[in-house]
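Below is one structure; the comments refer to it alone.
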Amino acid sequence: MRTYHCFWLLFWAGQPHQSFLTPLSKRTSGFPDKEKVLVLSGNSRQDLHRSKRSWMWNQFFLLEEYTGTDYQYVGKLHSDQDKGDGSLKYILSGDGAGDLFIINENTGDIQATKRLDREEKPVYILRAQAINRRTGRPVEPESEFIIKIHDINDNEPMFTKDVYNASIPEMSDVGIIKTALLNMDRENREQYQVVIQAKDMGGQMGGLSGTTTVNITLTDVNDNPPRFPQSTYQFRAPESTPLDSPVGRIKANDADVDENAEIEYSITEGDGYDMFGITTDKDTQEGIITVKKALDFESKNLYILKVEATNTHVDPRFLYLGPFKDSATVRIQVEDVDEPPMFSRPAYIMEVKEDVPLNSVIGTVTAQDPDAAKNPVKYSVDRHTDMDRVFNINSGNGSIFTSKPLDRETLLWHNITVIAAEINNPKQSSRVPVFIKVLDVNDNAPEFAMFYETFVCENAKAEQLIQTLSAVDKDDSYNGHQFSFSLAPEAASSSNFTLQDNRDNTAGIFTRKTRYNRHETSTYFLPVVISDNDYPIQSSTETVTIRVCACDHRGKMLSCNAEALIHPTGLSTGALIAILLCIIILLVTVVLFAALRRQRKKEPLIISKEDIRDNIVSYNDEGGGEEDTQAFDIGTLRNPEAIDDNKLRRDIVPETLFLPRRTATARDNTDVRDFINQRLKENDTDPTAPPYDSLATYAYEGNGSVAESLSSLESVTTDGDQDYDYLSDWGPRFKKLADMYGSMDSDKDS
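Numbering-wise, numbering that gives the first Met the number 0 puts 265 at position 266 of the sequence shown, and it's gapless, one number per residue.
In structure tokens:
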């Protein structure tokens with residue numbers, strides 16, 4: 000028969016707290032006075048028997064926040080196999096086992112080592128077991144039990160925020176947080192701070208409490224009208240103040256803020272209603288008074304305005320507080336300034352006939368000082384607008400008169416500027432434009448519209464039209480020009496042609512006879528008189544050139560005995576003559592210039608026979624020898640590589656610039672004499688080289704010369720006179736020297 004063992008769990012209700020235990024199956028009436036033991040037995044799967052036990056528990060309660068100095072006692076584990084000899088060992092596992100909850104392995108007593116907080120963890124699940132200490136094998140099945148933490152009032156109420164911010168319009172009705180005062184005014188106080196306390200346990204004694212702060216801001220409503228701080232404002236404005244310029248600023252105060260304080264200003268009445276305007280500065284809510292029309296101290300020096308300030312956003316709920324606007328009086332004093340003279344008109348238009356005599360008055364301009372002082376004014380013409388000084392002006396009375404003749408056909412309008420300045424203060428001046436129109440006078444005779452040069456055929460018939468004439472007139476005609484044409488009196492009876500006036504400002508030339516002979520008369524000049532119909536009548540005599548030419552049977556010109564016929568649109572005979580004269584003058588100028596240059600080339604080396612100088616350098620033919628570095632640097636010859644081919648010759652003044660011919664330069668080891676001979680040969684064959692001894696160019700004379708040295712520097716060391724007859728044998732280049740020195744020798748001999 001299998002023996003069943005029981006596992007007892009005992010709980011102790013210690014002071015000062017009680018342990019509240021819940022029965023598992025059966026509960027006796029009342030609580031036992033001693034420790035209660037939970038007997039747990041293990042039954043076989045085949046035959047289960049429940050033995051009679053005392054109290055049986057599987058959960059219990061502990062109070063949180065135990066404040067005792069000792070560990071809090073929870074309960075006791077006991078097995079019916081425990082004989083008290085220490086052979087059994089009790090083990091506790093689960094939530095907090097070994098740390099928060101400990102067990103005496105010999106006696107099975109369970110204790111809590113720390114204060115328990117239900118808000119942190121309300122339930123702990125543990126498992127108890129008894130094992131054989133020697134073999135380590137369990138003597139009872141593992142049992143599970145629950146420890147619940149009983150809540151006590153250890154937490155005060157807490158608000159979700161430390162500080163609450165709220166806003167409510169002033170004059171508001173009740174809300175959750177009620178206003179304690181009637182008609183609370185934001186303008187008196189805007190911020191309020193309220194401390195709220197919350198208590199638990201319905202506010203009963205022993206309950207806990209928490210607090211928070213609520214900041215309440217009263218938002219603004221438009222319950223205050225604008226008000227001017229003063230009833231009258233005084234400003235001053237110079238009469239020269241430009242238009243749209245500010246005169247002054249005024250401001251009405253409004254206790255409201257933001258859009259409730261926005262103000263619109265207007266001028267409602269006053270004698271300066273149309274002279275001034277007012278606008279609102281959106282940043283400062285000031286009214287800016289500006290000038291709309293030009294001020295004039297002499298006309299009016301004081302303006303009185305009534306200005307009104309009105310709220311732009313009015314709340315109908317507060318209209319009972321009165322009109323949301325206010326008004327003030329603005330006085331503007333106009334100050335006098337020294338103004339320039341003022342012309343009676345902004346511009347003047349005058350007319351004058353072109354034949355008016357000089358110094359004739361054509362009109363008058365007037366200007367006066369607008370100031371009360373009425374300073375005298377002087378006039379002048381701005382000469383930048385009348386460069387030719389056609390007009391003058393009387394500086395005292397402003398009358399304009401002509402100083403030069405006028406010609407409408409040259410210039411129809413004259414636009415001048417007249418300056419008026421105060422005599423006492425010339426800086427105060429003003430200007431006015433004067434437009435002068437020159438009226439036409441019939442002072443120009445009509446003339447041909449073009450140059451007429453025509454021809455007549457030799458086989459022409461009588462009364463044949465050969466040319467139609469028209470005329471123009473520079474003068475203006477209000478009714479249109481009416482020209483009349485006629486032959487000059489000297490040609491009216493003897494002419495071979497007739498003229499017919501068409502009465503439409505044109506005329507026709509007709510042949511008077513049949514057949515013309517170009518060999519007898521090749522050209523006819525027909526004088527025509529043209530007259531206008533204006534007053535005074537002007538007329539002129541114009542000439543028509545008629546050439547006689549051979550024509551075919553159809554009247555087409557074949558040839559003329561004179562030069563080819565020039566079309567009226569081509570060049571005239573006078574123009575061709577002028578062109579020929581210009582060409583002749585140009586050719587004469589070129590010839591004279593060439594002759595002068597040729598004469599300059601043939602200028603002798605020595606001006607006169609008496610002007611004989613003992614300095615060979617004067618003739619630019621030899622130079623001063625090797626010691627003379629003034630004319631040429633001999634170092635260049637010793638270093639041929641350093642020669643600059645672009646340098647010009649230094650012994651003459653070049654008349655024509657020729658491109659230098661490049662030749663192969665001698666190397667460093669080449670003898671200078673060979674180099675000079677090479678260049679000498681090149682210059683002798685060069686037609687552009689001057690007719691001088693090329694040796695002078697290089698300042699090197701050499702040795703073994705047939706002429707030996709020509710320098711006169713050695714003559715002072717010789718005992719006898721030198722013989723220069725050999726110069727005659729050197730050719731024409733040395734003829735001048737032979738004549739000079741040969742004549743001197745002959746004088747000595749004689």
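Note that beta-carbon positions come from the ideal geometry of N, C-alpha and C, so glycine has one too.
Under the DSSP assignment, Val-351 falls in the beta strand (DSSP E) whose first and last residues are 347–352. When the Cα atoms are used, Tyr-477 and Asn-532 turn out to be separated by approximately 12 angstroms. Looking at the backbone, the Cα of Ala-111 and that of Ala-165 are separated by about 48 angstroms. As the crow flies, the alpha-carbon of Gly-397 is around 6 angstroms from that of Thr-365. Under the three-state reduction of DSSP output, Phe-592 falls in the helix class. In this structure, Glu-307 sits near Ser-265, with a CB-CB distance shorter than 8 angstroms. Per DSSP, the continuous alpha helix (DSSP H) segment holding Val-671 begins and ends at 671–683. Per the Cβ contact rule, the stretch 541–548 is in contact with the stretch 449–457 (3 or more Cβ pairs under 8 angstroms). The stretch 207–226 and the stretch 152–166 touch, with no fewer than 3 CB-CB distances between them shorter than 8 angstroms. At the C-beta level, Ile-415 and Val-437 stay beyond 8 angstroms of one another. Of Thr-363, Arg-316, Leu-207 and Asp-282, the smallest CA-CA separation from Asn-221 is found for Arg-316. Within the same chain, Phe-60 and Leu-62 come within 6 angstroms of His-149 by CB-CB distance, once the 5 residues on both sides are set aside. Residues of the same chain with a CB within less than 8 angstroms of the CB of Glu-338, apart from the 5 flanking positions on each side, are Glu-238, Ser-239, Asp-368, Pro-369, Asp-370 and Gln-427 in chain order.
Less than 8 angstroms divides the Cβ of Asn-516 from the Cβ of Glu-457. Classified as exposed, Pro-731 has fewer than 16 neighbouring CB atoms from the shown chains inside 10 Å of its CB.
Per DSSP, the unbroken beta strand (DSSP E) holding Pro-245 starts and ends at 245–249. Going by DSSP, Pro-488 is part of the alpha helix (DSSP H) stretching over 488–491.
Under the three-state reduction of DSSP output, Arg-126 falls in the strand class. Bridge partners of Gln-196 according to DSSP: Thr-210. When DSSP states are grouped into helix, strand and coil, Leu-410 belongs to the coil group. Under the three-state reduction of DSSP output, Glu-189 falls in the coil class, being neither helix nor strand.
Under the three-state reduction of DSSP output, Gly-321 falls in the coil class, being neither helix nor strand. Where Leu-76 is concerned, the enclosing beta strand (DSSP E) starts and stops at 71–78. The beta-bridge partner set that DSSP reports for Met-556 consists of Cys-550. Ile-288 and Val-329 do touch by the CB rule: their CB atoms are close to 7 angstroms apart, below 8 angstroms. Secondary structure at Met-341: strand, using DSSP grouped into helix, strand and coil.
The Cβ-Cβ distance between Lys-403 and Arg-388 falls below 8 angstroms.
In the three-state DSSP reduction, Ser-298 falls in the coil class, being neither helix nor strand. Contact check for Gly-269 against Lys-291 fails: the beta carbons are separated by 8 angstroms or more. Between Cys-581 and Phe-454, the C-beta spacing is not below 8 angstroms. In the DSSP assignment, no residue is bridged to Thr-112. With fewer than 16 other Cβ atoms from the protein chains shown falling within 10 Å of its own Cβ, Glu-681 counts as exposed. Taking 3 residues as the minimum length, the beta strand (DSSP E) runs contained wholly in the stretch 493–537 are 496–500, 505–510 and 522–530, in order along the chain. Tyr-272 carries a coil assignment under DSSP once its states are collapsed to helix, strand and coil.
DSSP places Gln-233 inside the beta strand (DSSP E), whose first and last residues are 231–237. Relative to the Cα of Glu-104, the nearest Cα in the group Asp-94, Gln-128, Thr-231 and Asn-676 belongs to Gln-128.
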